[in-house]
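Below: the structure, in structure tokens.
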């Protein structure tokens, strides 16, 4: 079933997004069922849900990806709807179909919309029919000489991409026509050895482009609207680290234009529920469709804060077959919101993931601060899942107010027991380029460095750190010597019993 | 107790006497240093209030203060003496350990081959990310204890590198 009434929701997910959905369901008075793997028994989503079912081993393939088990859990607990969250099975058309075949409501778009948008070439040709602009490029399967002509027609620089590729593998930028033949040969060889498929296509390489995406909401009554943009250019290895709504780069006119395009793209697949249209926008404000994410995004809270709309709640309302709350696209966001993804990664060590127990977590609070998290003091960060600890989101009347509140919140936030990227965010929020809104998708990797801060530490800062480190070492040493030396007040159990007996006399 | 503390190549001589008074380069400082539980500390000095997260990392002390991480080395008199004898404090261990549990994706080091300091020797996948593990020293690859596809635990010995002088 794509829409219909339901009274219990199963959430085949974990971490902060599972908690987020539980909260939305609770606000609506709908009970929830959580599932968990061996290592997640203590996780927050398990504690907060009304029911919790163990589904298997720590590896996702043994638990959170087990479609058969998940459907069986839904049957057994009487869950009448499934909210997949993001990641895991959220964009798996087969699973969505199986869920609907069971007569369970899938809180998300139709399996066909998921399948079409999940296939790069199919997505491109489908949205193109609705007049959505695509990054100029060629089809797959063209011979070398035709590709060279096509590349010249598109105009250099171009990007050679493997048809079977993904995540940067099999990609090759070419700046000049004379280098094309050689790069093409290399790209084909790489693609052949990595994927067993040497087929490539050519796309225009956008320089200084930003990653800007539009939030879409559509109900089963024929209404499709957008809720404005999110700026997601602060990323590293295609992983987003900071998101904002709105974008400094988007004025009302561009928002109207891009919003209309986003709606057209969603309508091309008959999209229902919440979704996101990701775009690249070049320096001249030309924009191009990149892909559609057929689920709730990690960064959805920034849109919630500038619209006042609870997106997870709207998703449930839409899946129940009701009309969505908002009826018009949002062209004037209320204030500004920024999200920092707090990850268990060491920014001083090439963003190396860190695992272990969060011994203490002290959350920031105060005006304009929201934390969406799935961990608490004593929580374990395991190597089996992603490194997201929490999302820290701040809101302000203006971008400056939101940034100042973020700096305050980051300074208050304490996470102990493992490495985290809060220092990265603090450094970023002090960088002049970020403050001025001048960045593109290459900013973090090309122009940002944890060894350089806008300001060097002062002599007195260094001295304070020296005092703290020395006193810490001094106390450790004293503790160590106490452990070795016999304690003064130590009494044997016999002596203690004797004294106790005497006292009772 | 007298200490020499080194941070960002700056050197501080700090004395903590038996009454707990703190002297920096011979001058007494008003310091109130309090543990707030776990690795969180509060420091008030000359009315200025600071918070720091302090962790021990195998002899090195990591101090996280005001959003920055500082690496400090605190040497007592005995350690200073030892260091002077050894003629430096460069850690010359050539062992590459797994920093976290994960799956070996590739071994880029070759047995017997020369590697530079900072050269990638292993690619380890953990938390959906590929991480390059680098050689801590320049030298020759003496032993490899990992192969692609192998699951490893934290602190498993993966590669051993011998410094060219034979001093390990």
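Protein chains in written order, with this note's numbering: chain A, 1 to 505; chain B, 1001 to 1168. In this text, a Cβ means the ideal position worked out from N, Cα and C, and glycines have one as well.
inquiry  = Rounded to whole angstroms, what is the Cα-Cα separation between residue 1089/B and residue 467/A?
reply    = Caution is warranted here: a pLDDT of 49 is assigned to residue 1089/B, below 50, making its placement in the model unreliable, and the coordinate value is therefore given only provisionally. One C-alpha to the other measures close to 21 Å.
task = Report the rounded CA-to-CA distance for residue 379/A versus residue 67/A, giving the unit in angstroms.
result = Looking at the backbone, the Cα of residue 379/A and that of residue 67/A are separated by about 27 Å.
Alpha-carbon spacing of residue 282/A relative to residue 36/A, whole angstroms = 43 Å
ask   = Where do the N-terminal and C-terminal ends of the beta strand (DSSP E) with residue 451/A fall, by residue?
value = That residue, residue 451/A, is in no beta strand (DSSP E); it is neither H nor E in DSSP.
Sufficient close CB pairs (3 or more, under 8 Å) joining the segment 1021-1028 of chain B to the segment 427-442 of chain A = no
Cross-chain neighbours of residue 1040/B in chain C, by beta carbon under 7 Å = Note that chain C does not occur in the displayed structure, where the protein chains are A and B.
query = Listing by chain order, which chain B residues have their CB less than 8 Å from the CB of residue 463/A?
reply = 1012, 1024
task = From the DSSP output, in three-state form, read off residue 195/A for me.
result = helix
query = Counting only beta-carbon atoms, is residue 422/A nearer than 8 Å to chain B?
reply = yes
Runs of beta strand (DSSP E) wholly within the segment 409-447 of chain A (minimum 3 residues, chain order) = 414-416
key: Residue environment, residue 172/A, which counts as buried when at least 16 other CB atoms sit within 10 Å   = So residue 172/A counts as buried.
Three-state secondary structure assigned by DSSP to residue 151/A = helix
message = If you reduce the DSSP assignment to three classes, tell me which class residue 481/A lands in.
response = helix
request  = Mind listing the chain B neighbours of residue 348/A? Cutoff is C-beta to C-beta under 7 Å, in chain order.
outcome  = Against chain B, a Cβ distance below 7 Å from residue 348/A picks out 1069.
ask   = Do the segment 1106-1115 of chain B and the segment 1058-1065 of chain B make contact, defined as three or more Cβ pairs closer than 8 Å?
value = No contact exists between the segment 1106-1115 of chain B and the segment 1058-1065 of chain B.
query = Of all Cβ atoms in chain A, is any one closer than 8 Å to the Cβ of residue 1099/B?
reply = yes
inquiry  = Using 8 Å as the threshold, is the C-beta distance between residue 163/A and residue 6/A below it?
reply    = no
Span of the beta strand (DSSP E) around residue 290/A = First-last of the beta strand (DSSP E) with residue 290/A: 287-293.
ask   = What are the partner residues of residue 1134/B, as DSSP defines its beta bridges?
value = 1120/B
message = Can you list, in chain order, the residues of its chain with a C-beta nearer than 7 Å to that of residue 1052/B? Leave out the 5 residues immediately preceding and following it.
response = 1041, 1043, 1063, 1064, 1065
key: Boundaries (first-last residue) of the alpha helix (DSSP H) holding residue 15/A   = 15-27
message = Can you give me the C-alpha to C-alpha distance between residue 1148/B and residue 1132/B, rounded to a whole angstrom?
response = 13 Å
inquiry  = Could you tell me the alpha carbon to alpha carbon distance between residue 30/A and residue 207/A, rounded to whole angstroms?
reply    = 48 Å
ask   = By DSSP, does residue 1111/B sit in helix, in strand, or in coil?
value = coil
query = Using a Cβ-Cβ cut-off of 6 Å (strictly less than) and excluding sequence neighbours within five positions of residue 1001/B, which residues of its own chain qualify?
reply = Excluding its 5 nearest sequence neighbours in each direction, residue 1001/B has C-beta neighbours in its own chain below 6 Å: 1016, listed in chain order.
key: Whole-number beta carbon distance between residue 280/A and residue 211/A, since they are thought to touch under 8 Å   = 6 Å
ask   = How about residue 131/A and residue 204/A: do their beta carbons lie closer than 8 Å?
value = no
Residues bridged to residue 210/A (per DSSP) = 281/A
ask   = According to the Cβ coordinates, are residue 1162/B and residue 1118/B closer than 8 Å?
value = no
request  = Could you tell me which of 386/A, 47/A, 337/A sits nearest to residue 370/A, measuring between CA atoms?
outcome  = 337/A
query = Any contact of the segment 343-362 of chain A with the segment 9-21 of chain A, i.e. 3+ C-beta pairs under 8 Å?
reply = no
Nearest-angstrom Cα separation, counted from residue 319/A out to residue 3/A = 5 Å
ask   = Quick one: Cα of residue 110/A to Cα of residue 1160/B, how far?
value = 53 Å
ask   = For residue 201/A, which three-state DSSP category applies?
value = strand
ask   = Any contact of the segment 404-412 of chain A with the segment 1135-1149 of chain B, i.e. 3+ C-beta pairs under 8 Å?
value = no
task = Locate the alpha helix (DSSP H) running through residue 138/A, then write down its first and last residues.
result = Run containing residue 138/A: none; DSSP gives neither H nor E here.
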